[in-house]
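Be aware that the first sequence starts at 63, since it is given in this note's numbering, and climbs by one per residue.
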Amino acid sequence: MRIATWNVNSIRPRLPRFVPWLEQRRPDVVCLQETKLTDAAFDDLLGEPLSRLGYAWAHHGQGQWNGVAILSRVGLDAVAAGLPGDPGFPDPATREARLVAATCGGVRVHSVYVPNGRTPDDPHYAYKLRWLEALGAIVADAGPAAVICGDMNIAPTDADVFDPAAYVGQTHVTPPERAALARLAVGYRDVVRDHWPTERIFSYWDYRAGMFHQDLGMRIDLILATTPVAERVAAAWVDREARKGTGPSDHAPVVVDLDTAPDGDIGPMVPPPSRPASGRGRTIPQARSRRP
DNA sequence: ATGGCTGAGTTGCTCAGA
63 MRIATWNVNS
73 IRPRLPRFVP
83 WLEQRRPDVV
93 CLQETKLTDA
103 AFDDLLGEPL
113 SRLGYAWAHH
123 GQGQWNGVAI
133 LSRVGLDAVA
143 AGLPGDPGFP
153 DPATREARLV
163 AATCGGVRVH
173 SVYVPNGRTP
183 DDPHYAYKLR
193 WLEALGAIVA
203 DAGPAAVICG
213 DMNIAPTDAD
223 VFDPAAYVGQ
233 THVTPPERAA
243 LARLAVGYRD
253 VVRDHWPTER
263 IFSYWDYRAG
273 MFHQDLGMRI
283 DLILATTPVA
293 ERVAAAWVDR
303 EARKGTGPSD
313 HAPVVVDLDT
323 APDGDIGPMV
333 PPPSRPASGR
343 GRTIPQARSR
353 RP
């Protein structure tokens, strides 16, 4: 079973790339962030291509900002839109669309778009920390087979930032944010870092100043998996191809392939990509035509 | 150098993103 997560930075202008990407990578489950659509607009825009490709979907949107979704070809059950205990911004009366959860192929899947925080002295930063605490209560109770996928807006360690010195005191790297991430991730593994412990891996590059071309980015899009799921991970990588060329999101997708569960047949099994003998771990598995 | 780019709505500007 292949699970992907992608902050698309608005799905509408991304459609010319997103649908071909689905056809090429053929993920079984896709978590999206920053769709920037209402639920009705998402259905209008994506209903036809998703149905044609065999996906069911659960979208939780608000329109101009935020918006999250889960697409699945392996079942979509017990959908839960929104974050119980969401502090809202600036107050609980104005909650944002940043979480949707569903059970897909036996795995509890959370598509997460963590608040940005803006700057550490901004009220949005305190909101970010409160929001993470509320998320922690949900994912702690998600059962033995669960994943947290999405844009965490936190680089877990200095190795996940192109220039740690340049980021000291800025949002995404402060100790309280990292501590909040570590608390909510208790019982979960960071599966990409587990598989590439010493590689330079980023998932976001600023649009400006040729940052992607120079590989000056951050790893803030994560897939966190409970141990029973993490033990099934055959491959885990950032799909940098999707960040290249014309009209990309500023984030690349993060992808994991799970072997079949020991107690059941969950989705098609995908051979892992061959690990390069040297280099930077950017081998991209080619799309394979296969049917479950 | 605190900018650089991109997207959206309040369009020919502002805000937000990270």
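For glycine and all other residues, C-beta sits at the position ideal for the given N, C-alpha and C.
With a CB to CB cut of under 8 angstroms and the five nearest residues on each side skipped, what residues in its chain are close to Gly-231?
Translated into positions along the first sequence, residue 231 becomes position 169. Once the five neighbours on either side are set aside, the close Cβ partners of Gly-231 are Pro-182.
Quick one: measure Cβ to Cβ for Pro-218 and Asp-268, integer angstroms, because I've assumed they're closer than 8 angstroms.
In the first sequence, the residue the question calls residue 218 occupies position 156. In the first sequence, the residue the question calls residue 268 occupies position 206. The pair is not a contact, with the Cβ atoms about 19 angstroms apart (cut-off 8 angstroms).
Below 8 angstroms on the Cβ atoms is my guess for Val-91 versus Ile-65; work out the distance and round it to an integer in Å.
As a working note, residue 91 is residue 29 in the first sequence. As a working note, residue 65 is residue 3 in the first sequence. Confirmed, Cβ separation roughly 5 angstroms.
Hey, Val-317 and Pro-89 are a contact pair by Cβ (cut 8 angstroms); roughly how many whole angstroms apart?
Within the first sequence, numbered from 1, the residue matching residue 317 stands at position 255. Within the first sequence, numbered from 1, the residue matching residue 89 stands at position 27. Indeed they touch by this definition, with Cβ atoms about 7 angstroms apart.
Determine the DSSP secondary structure at Trp-267, reduced to helix, strand or coil.
Position 205 of the first sequence holds residue 267. Note: Trp-267 maps to coil in three-state DSSP.
For Gly-212, I'd like the list of residues in its chain whose CB is within less than 8 angstroms of its CB, leaving aside the five on either flank, ordered along the chain.
Numbered from its first residue, the first sequence carries residue 212 at position 150. Only residues of its own chain outside the window of five on either side were considered, and among them Thr-67, Asn-69, Cys-93, Gln-95, Val-130, His-172, Ser-173, Val-174, Tyr-175, Val-176, Asp-283 and Leu-284 have a CB closer than 8 angstroms to the CB of Gly-212, listed in chain order.
Chain-order list of residues whose beta-carbon lies under 6 angstroms from that of Arg-135 (same chain, five-residue window excluded)
For the purposes of this step, residue 135 is taken as residue 73 along the first sequence, with counting starting at 1. Non-local beta-carbon contacts of Arg-135 in its own chain, meaning distances under 6 angstroms to residues more than five positions away in sequence, involve Asp-90, Gly-116 and Tyr-117 in chain order.
Could you check if Asp-220 is buried or exposed, using at least 16 other CB atoms within 10 Å of its CB as the buried criterion?
Taking the first residue of the first sequence as 1, we reach residue 220 at position 158. Under this definition Asp-220 is an exposed residue.
Keeping to the same chain, check which residues put their C-beta closer than 6 angstroms to that of Leu-278; ignore five residues upstream and five downstream.
As a first step, residue 278 must be located in the first sequence, where it is residue number 216. Excluding sequence positions up to five before and after Leu-278, its CB lies within less than 6 angstroms of the CB of Phe-224, all in the same chain and listed in chain order.
Give the DSSP-derived three-state secondary structure of Ala-208 in the structure shown.
Along the first sequence, one-based indexing puts residue 208 at 146. Strand, per DSSP.
Endpoints, the beta strand (DSSP E) within which His-234 is located:
Indexing the first sequence from 1 puts residue 234 at position 172. Careful: His-234 lies outside any beta strand (DSSP E) and carries neither H nor E.
Between the beta-carbon of Leu-246 and the beta-carbon of Leu-191, is there less than 8 angstroms?
In the first sequence, counting from the first residue as 1, residue 246 sits at position 184. In the first sequence, counting from the first residue as 1, residue 191 sits at position 129. Cβ atoms of Leu-246 and Leu-191: not closer than 8 angstroms.
How big is the Cα-Cα spacing for Leu-77 and Trp-83?
Numbered from its first residue, the first sequence carries residue 77 at position 15. Numbered from its first residue, the first sequence carries residue 83 at position 21. CA-to-CA, the gap between Leu-77 and Trp-83 works out to about 9 angstroms.
Mapping the DSSP letters down to three states, classify Ala-118 as helix, strand or coil.
Numbered from its first residue, the first sequence carries residue 118 at position 56. If DSSP states are grouped into helix, strand and coil, Ala-118 belongs with the strands.
Give me the Cα-Cα distance between Thr-289 and Val-295, rounded to the nearest whole angstrom.
As a working mapping, residue 289 is identified with position 227 in the first sequence. As a working mapping, residue 295 is identified with position 233 in the first sequence. Thr-289 and Val-295 have their C-alpha atoms roughly 10 angstroms apart.
Within the continuous beta strand (DSSP E) that includes Gln-86, where are the two ends?
Here residue 86 is taken as the residue at index 24 of the first sequence, counted from 1. No beta strand (DSSP E) holds Gln-86; the alpha helix (DSSP H) holding it covers 77–87.
Under the three-state DSSP convention, the category Ser-134 falls into
Here residue 134 refers to the residue found at position 72 of the first sequence. If DSSP states are grouped into helix, strand and coil, Ser-134 belongs with the strands.
Are His-122 and Ala-159 touching if we call contact CB-CB under 8 angstroms?
Along the first sequence, one-based indexing puts residue 122 at 60. Along the first sequence, one-based indexing puts residue 159 at 97. Yes. Within cutoff.
Leaving out five residues on either side along the sequence, give the residues of the same chain with a beta carbon under 6 angstroms from the beta carbon of Arg-157.
Mapped onto the first sequence, residue 157 falls at position 95. Excluding positions up to five away in sequence, the list reads Asp-148 and Gly-150.
N- and C-terminal bounds of the alpha helix (DSSP H) containing His-186
Residue 186 sits at position 124 when you count from the first residue of the first sequence. His-186 -> alpha helix (DSSP H) spans 185–201.
To the nearest angstrom, report how far apart Ala-143 and His-234 are at their CA atoms.
Residue 143 sits at position 81 when you count from the first residue of the first sequence. Residue 234 sits at position 172 when you count from the first residue of the first sequence. Computed Cα separation, rounded: 25 angstroms.
Beta bridge counterpart(s) of Arg-170 as assigned by DSSP:
On the first sequence, residue 170 is found 108 positions in, with the first residue counted as 1. For Arg-170, which the question treats as bridged, DSSP gives the partners Thr-165 and Ala-208.
When we look at the beta-carbon of Glu-239 and count the other beta-carbons within 10 Å, is it buried (16 or more) or exposed?
Taking the first sequence and counting its residues from 1, one reaches residue 239 at position 177. Flag for Glu-239 reads buried.
Roughly how many angstroms separate the alpha carbons of Pro-111 and Pro-146, rounded to a whole number?
In the first sequence, residue 111 corresponds to position 49, counting from 1. In the first sequence, residue 146 corresponds to position 84, counting from 1. Roughly 31 angstroms between the two C-alpha positions.
Span separating the alpha-carbon of Arg-114 from that of Asp-184
One-based indexing of the first sequence puts residue 114 at position 52. One-based indexing of the first sequence puts residue 184 at position 122. If I take the Cα positions, the gap works out to 44 angstroms.
Evaluate Trp-119 with the Cβ neighbour count: other Cβ atoms within 10 Å of its Cβ, from every protein chain shown; 16 or more gives buried, anything less gives exposed.
On the first sequence, position 57 is the one that residue 119 refers to. With 16 or more Cβ atoms within 10 Å of its Cβ, Trp-119 is classed as buried.
Is the Cβ-Cβ distance between Gly-309 and Arg-87 less than 8 angstroms?
Translated into the one-based positions of the first sequence, residue 309 becomes position 247. Translated into the one-based positions of the first sequence, residue 87 becomes position 25. With contacts defined as CB atoms closer than 8 angstroms, Gly-309 and Arg-87 fail to qualify as a contacting pair.
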